[in-house]
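Okay, so here's the structure we're looking at.
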Amino acid sequence: MLEDGKPKAVPVKFGLQDTDWVEIVEGPLKPGDQIILRADRADGSGASGSGRPPGPPMRF
1 MLEDGKPKAV
11 PVKFGLQDTD
21 WVEIVEGPLK
31 PGDQIILRAD
41 RADGSGASGS
51 GRPPGPPMRF
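UniProt numbering applies: residue 1 is where the sequence shown begins, and numbers increase by one.
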């Protein structure tokens, strides 16, 4: 997530998920928080995300 414009890692617990959606069932995230789906590293590697824009988790 972003806090004061800087990346901050926070622990979350996932619920239901598929190839496009992940339900976050526990953690400090609130509606409106900015999150980072992909982080590029200086060495060219990066964590891959789902490729979709940030938004609320899918509710089942």
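Using N, Cα and C, we set each Cβ at its ideal position, and we do this for glycine too.
field: CA-to-CA distance, Val-25 to Val-12, given in whole angstroms
entry: The residue you call residue 12 lines up with position 12 of the sequence shown. The residue you call residue 25 lines up with position 25 of the sequence shown. Approximately 8 Å, taken between the alpha carbons.
message: Per DSSP, what are the beta-bridge partners of Lys-6 in this structure?
response: As a working mapping, residue 6 is identified with position 6 in the sequence shown. Glu-3, per the DSSP bridge assignment.
message: Quick check on Ile-24: does DSSP put it in helix, strand or coil?
response: Working through the sequence shown from its first residue, we reach residue 24 at position 24. Ile-24: strand per DSSP, three-state reduction.
message: Quick check: what's the CA-CA separation for Lys-6 versus Ile-35?
response: Translated into the one-based positions of the sequence shown, residue 6 becomes position 6. Translated into the one-based positions of the sequence shown, residue 35 becomes position 35. Taking the straight line joining both Cα atoms gives about 11 Å.
task: If I'm right that Val-10 touches Pro-28 with Cβ under 8 Å, what's the distance once you round it to whole angstroms?
output: By one-based count along the sequence shown, residue 10 stands at place 10. By one-based count along the sequence shown, residue 28 stands at place 28. Sure, about 5 Å apart at Cβ, within 8 Å.
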